[in-house]
Structures are given as C-alpha cells and as structure tokens.
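With full-length UniProt numbering, the residue at position 97 of the sequence shown is 97, and numbering never jumps. Encoded as structure tokens, the structure appears first; notes follow it.
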Amino acid sequence: MAMSNICDYALCKQYFGMTRSMYDSAVNVLEWLRADQVGSVALTQLADLVIRRNNVPAAAMLAERLRAHAGTFYRPDPQQGADMALAAVMIDLLPDAVASLRGMGIPETILQNTLRDFAIWADAYREKTGREGINETEWNLLFLTGQILRIGRLQYESFTFLEPYYIYRSLYSDDFVVLAASGVRISAEGMPLVSTVPDSQAQYVTQLHSDGVTVTGNLVDTTAGTIHRERASLALAGYELLLAPGMPATNMHIPADGPLTPELVDESITQAVPVLKRLGRYTPVGVCESWLLDPALERISRPESNICHFMRRFAKFPNPTPGSAIVERVCGWGANRLPVDELPERTSLQRNLKQYLLADGIVRDVSGVMLFAR
Numbered sequence: 001m002a003m004s005n006i007c008d009y010a011l012c013k014q015y016f017g018m019t020r021s022m023y024d025s026a027v028n029v030l031e032w033l034r035a036d037q038v039g040s041v042a043l044t045q046l047a048d049l050v051i052r053r054n055n056v057p058a059a060a061m062l063a064e065r066l067r068a069h070a071g072t073f074y075r076p077d078p079q080q081g082a083d084m085a086l087a088a089v090m091i092d093l094l095p096d097a098v099a100s101l102r103g104m105g106i107p108e109t110i111l112q113n114t115l116r117d118f119a120i121w122a123d124a125y126r127e128k129t130g131r132e133g134i135n136e137t138e139w140n141l142l143f144l145t146g147q148i149l150r151i152g153r154l155q156y157e158s159f160t161f162l163e164p165y166y167i168y169r170s171l172y173s174d175d176f177v178v179l180a181a182s183g184v185r186i187s188a189e190g191m192p193l194v195s196t197v198p199d200s201q202a203q204y205v206t207q208l209h210s211d212g213v214t215v216t217g218n219l220v221d222t223t224a225g226t227i228h229r230e231r232a233s234l235a236l237a238g239y240e241l242l243l244a245p246g247m248p249a250t251n252m253h254i255p256a257d258g259p260l261t262p263e264l265v266d267e268s269i270t271q272a273v274p275v276l277k278r279l280g281r282y283t284p285v286g287v288c289e290s291w292l293l294d295p296a297l298e299r300i301s302r303p304e305s306n307i308c309h310f311m312r313r314f315a316k317f318p319n320p321t322p323g324s325a326i327v328e329r330v331c332g333w334g335a336n337r338l339p340v341d342e343l344p345e346r347t348s349l350q351r352n353l354k355q356y357l358l359a360d361g362i363v364r365d366v367s368g369v370m371l372f373a374r
C-alpha cells in the first residue's frame with residue numbers, strides 16, 4: 001500500500017513524540033501488515049475494537065498475536081517486526097483516534113500530553129532491550145480511547161473500583177474510614193494472602209456485616225495500609241459511602257517524567273476536576289496504586305521529600321496481590337532481578353533503599369484514596 005495512505009511523520013511526532021528513525025521502521029512494518037493476509041484483517045479488527053468499541057483488553061490480546069505474527073513472518077527482520085508491531089498499529093490508528101478524542105471535547109493540550117506517553121514507553125523499551133520499539137500493549141492502546149487523560153503532572157483514568165474495600169467519609173470530620181469486605185484471608189502482618197497460599201497460613205478471615213443502621217467489619221489502618229484483626233462498627237447515619245466494589249472511580253497514575261512537587265500535584269488536581277466534570281467523568285475520590293504510596297518511603301527517603309508528601313496525601317489500604325515496583329523504578333529496569341547487595345548506589349535514594357532491603361525491610365505497592373475536593 002502506498003505510503004501516502006499512512007499518516008505522516010509530522011502527526012506522529014506531534015502526538016507521540018516519535019523519532020524519525022522509529023517512524024520509518026514502524027511504517028515499513030505497517031506497510032507489510034497492510035499487504036499481509038493476516039495483518040490486514042487484524043488491523044481492521046483493531047480499529048473496530050479500539051476506536052469504535054473501546055474494548056482495549058480484546059484489542060491488546062489481538063495486538064500481541066499480531067506482534068508474534070510479525071516476529072515470525074516479517075522477513076526483512078523478524079526481530080524488528082516484533083519490536084515495531086505495536087508502533088505500526090498505533091500509527092495506523094492515530095488519525096481516527098485524534099478525531100475521536102477531539103469529538104469527545106478533550107482539549108488539544110490535554111490530548112497531546114496524553115498521547116505523548118508513547119515516548120516515555122518507547123524510551124523504556126530502548127533502555128530495557130537496546131532496540132527501538134514499544135510494548136506495554138494494553139496500556140498504550142488505552143490512551144487512544146481517551147479513557148486515560150494526562151492533565152498536568154498526573155494521569156486520570158475512569159474505571160470501576162473492584163478492590164475488596166468499603167470506603168466511608170465521616171460527615172463530621174471528613175476523615176476516611178476503610179473496612180475490608182468479607183472473605184479476605186489476612187496474614188499475621190495484616191496483609192491479604194494470595195489464593196495460592198494455604199489456608200493454614202491465614203491468621204483470620206475478614207467479615208463485614210450491616211443491619212441497615214450500622215456496619216461492622218475489619219478496620220484498615222489507613223496510615224500503615226494494613227488490616228486489623230479487631231472489628232469496628234460505624235453508625236451509617238454519620239458516614240457517606242464514597243467507594244465500594246462496582247462503583248465508578250478515578251484512577252490516578254504518575255508518569256515517569258518530571259518532578260513530583262506538591263505544587264505540581266495540586267495544580268494537576270485543580271485542573272483535572274473541571275475537565276472531568278465537563279466530560280461527565282468526575283468522581284468524588286481519586287484512587288492510586290503505586291510504590292509511591294508505600295509507608296516505608298519515610299524510612300527510605302527524607303520525610304519532607306516530594307515522594308513522601310505524595311504518599312501522605314492518601315488514605316492507604318493494602319493491595320490484594322503482593323509485589324513492589326520500587327527497586328526497578330528507583331534503580332533502573334531489570335534491577336529487580338539483581339541480588340540486593342548488587343543494587344546500584346548512584347543516588348541517595350538508591351543507597352537508602354539498598355540499606356533498607358539489606359536490613360530485611362519490606363517494600364510493597366500500596367493503594368490509597370483521596371478526596372478531590374472538600
């Protein structure tokens with residue numbers, strides 16, 4: 001297919017921040033896919049799934065199959081076919097995606113800043129592999145739907161809250177009270193146990209009951225992000241239910257570029273609230289899941305640091321699944337595969353993290369919730 005039918009480099013640079021060399025390589029793969037029996041059908045289906053149906057999980061599965069196909073049958077260079085398959089798909093979808101996002105009423109500045117996340121993940125791919133390309137398939141396709149918007153320093157994603165917690169706000173103090181849903185198996189440390197851990201290791205199982213006047217359940221320590229064995233009762237007349245499984249919420253994400261100063265975070269939230277209201281997406285609370293919410297940061301970084309300020313914004317609750325991205329985020333891609341004593345010490349944060357881990361300190365990704373406006 002003629003290259004004139006593919007969006008030009010200027011558009012890809014404007015919205016994706018794509019380099020010329022990556023564009024040229026991805027266009028070669030795109031032209032091959034359009035001429036290929038499997039690729040041409042897949043591209044048509046991807047346009048339908050992403051642009052018209054907003055079915056990103058299904059689109060991501062198909063795009064991964066297409067990556068494997070290009071990595072097998074793209075004869076000029078199968079490795080380049082795999083590396084560039086997602087970039088080729090995103091170039092193919094870009095004009096329709098931009099038109100769709102504009103049609104939603106998304107301001108042009110926000111549109112451009114949102115789609116520029118492509119460049120962050122292209123840089124990460126190069127750092128990880130030493131080659132040009134991009135993956136994180138579902139995440140990157142999600143940006144083309146407008147379900148995630150970058151507004152200032154942060155990103156805001158409209159989603160359905162599914163974590164096993166009921167989050168209340170006191171009508172008298174604005175304080176959060178978080179109760180665990182029934183049936184969560186809890187360790188001695190107050191953490192949820194994954195399904196593969198035998199029942200014998202569970203110290204207790206959470207219970208939640210309500211008689212319509214009160215609700216009683218296992219209380220979450222919103223500073224430590226752990227679940228108490230002791231149960232607490234709330235008089236429902238004094239509390240507003242803000243969030244429970246199945247309710248809409250706004251997921252807050254932190255892009256990897258730039259500082260995370262309190263001023264930039266405040267500015268982002270202030271800008272986001274009217275935009276989300278105008279688009280019909282506003283929810284009273286923001287939810288975040290990140291290593292940046294780990295209370296252990298106060299033992300790794302300075303209490304007055306930007307990341308500690310950010311962590312303290314949130315009433316915290318534990319993730320149902322264990323794990324932490326802190327080592328890879330602080331020490332670089334692939335660092336999580338290194339023995340702790342081999343972690344780099346180029347920055348004070350790296351040195352402090354390494355010392356904390358060598359002393360058997362525990363790190364984890366933690367979830368939290370905050371009010372957008374009081």
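Idealized CB from N, CA, C, for every residue including glycine.
query	result
The region 204–213 touching the region 334–342, judged by at least three CB pairs closer than 8 Å	no
For Gln203, three-class secondary structure by DSSP	coil
Helix, strand or coil at Cys331 according to DSSP, with G and I counted as helix	helix
Beta-carbon spacing of Glu240, Arg169 below 7 Å	yes
Contiguous alpha helix (DSSP H) assignments of at least 4 residues, all confined to the UniProt domain "N-acyltransferase N-terminal" (56–146)	56–73, 78–103, 108–115, 117–129 and 137–143
Secondary structure of Phe176, DSSP reduced to three states	strand
Stretch-stretch touch, CB-based, cutoff 8 Å, three pairs: the region 20–31 with the region 82–91	yes
Beta carbon of Leu43 nearer than 7 Å to that of Asp77	no
Burial state of Asn135, where buried means 16 or more other Cβ atoms lie within 10 Å	buried
Trp121, buried or exposed, once every other Cβ within 10 Å from all chains shown has been counted against 16	buried
Cβ contact (3+ pairs, closer than 8 Å) linking the region 63–76 and the region 100–110	no
Cβ contact check for the region 269–285 and the region 179–190: 3 or more pairs under 8 Å	no
Alpha-carbon spacing of Arg299 relative to Val327, whole angstroms	15 Å
Beta-bridge partners of Phe310, as assigned by DSSP	According to DSSP, Phe310 bridges with nothing at all.
Own chain partners of Lys13 with C-beta closer than 6 Å, once the 5 adjacent residues on each side are dropped	none
Cut-off 6 Å between Cβ atoms - residues of its own chain near Gly361, not counting five sequence neighbours on either side	none
Beta-carbon spacing of Val287, Asn251 below 7 Å	yes
Helix, strand or coil at Pro344 according to DSSP, with G and I counted as helix	coil
Stretch pair the region 130–148 + the region 37–54: three plus CB contacts closer than 8 Å	yes
Reference Gly225; option with closest CA among Thr137, Tyr204, Ala296 and Ile106	Ala296
8 Å contact criterion, which Gly238 and Arg116 should meet: CB distance rounded	Between Arg116 and Gly238 the Cβ distance is about 45 Å, and since that is not below 8 Å, they are no contact.
Local conformation of Thr44 per DSSP, three classes	helix
Identity of the residue in Cys331, Leu349, Ala315 and Asp294 nearest Gly323 by Cα	Asp294
Residues bridged to Ala249 [DSSP beta-bridge criterion]	Phe159
Pairwise C-alpha distance: Gly133 and Val275	32 Å
Pairwise C-alpha distance: Leu260 and Arg153	7 Å
Exposure of Asn140, with buried meaning 16 or more beta-carbon neighbours within 10 Å	buried
Given Pro255 as reference, the closest of Ser301, Leu343 and Thr114 once Cα atoms are compared	Thr114
DSSP-derived helix/strand/coil call for Pro284	coil
Simplified DSSP assignment, three categories, for Leu358	helix
Residues near His228 by beta carbon distance below 8 Å, same chain, minus five either side	Gly190, Asn218, Leu219, Val220 and Asp221
Endpoints, the alpha helix (DSSP H) within which Pro274 is located	Pro262 to Arg278
Cross-strand partners of His228 (DSSP beta bridge)	Note: His228 sits in no beta bridge, so no partner.
Met22: first and last residue of the uninterrupted beta strand (DSSP E) it sits in	No beta strand (DSSP E) contains Met22, which is instead part of the alpha helix (DSSP H) from Arg20 to Ala35.
Opposing strand residues paired with Asn218 [DSSP bridges]	Arg231
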